[in-house]
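Worksheet: the structure to be examined is printed underneath.
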């Protein structure tokens, strides 16, 4: 019997950004994806699962899986968008469509 995969925690990152145009959000997501890939290549367990932009509230949310909140904070810092708020112990469920 194969060993169970390690349990990764989910974290909700929040960024408050006045420039919530589609191109600006796409640029931010590109930076987050690159930083996540870089850290994963270094052996860190981290993945960006979902992002949600709410332009009227000038907020961008990201749901990550990672070993620790520090890993998520480091991804965001490397991407050039330090997290404004990071919630731990988040339950995330994506429905199959």
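In the working numbering, the protein residues as written are 510 to 606.
Ideal Cβ placement from N, Cα and C applies to all residues, glycine included.
All of these numbers come straight from a predicted model, not from anything done at the bench.
Asked, Found
"Inter-residue Cα distance where the pair is residue 478 and residue 571", "There is simply no residue 478 to check, as the chain begins at 510 and stops at 606 in what is shown."
"Anticipated Cβ contact below 8 Å, residue 553 with residue 580, distance rounded", "5 Å"
"C-beta atoms of residue 602 and residue 544 nearer than 8 Å", "no"
"CA-to-CA distance, residue 595 to residue 558, given in whole angstroms", "15 Å"
"Run of the alpha helix (DSSP H) containing residue 584, from where it starts to where it stops", "578 to 587"
"Cβ pair residue 562, residue 534 closer than 8 Å", "yes"
"Span of the alpha helix (DSSP H), counted from its first residue to its last, around residue 540", "531 to 550"
"From 577, 589, 590 and 585, residue whose alpha carbon lies closest to that of residue 518", "577"
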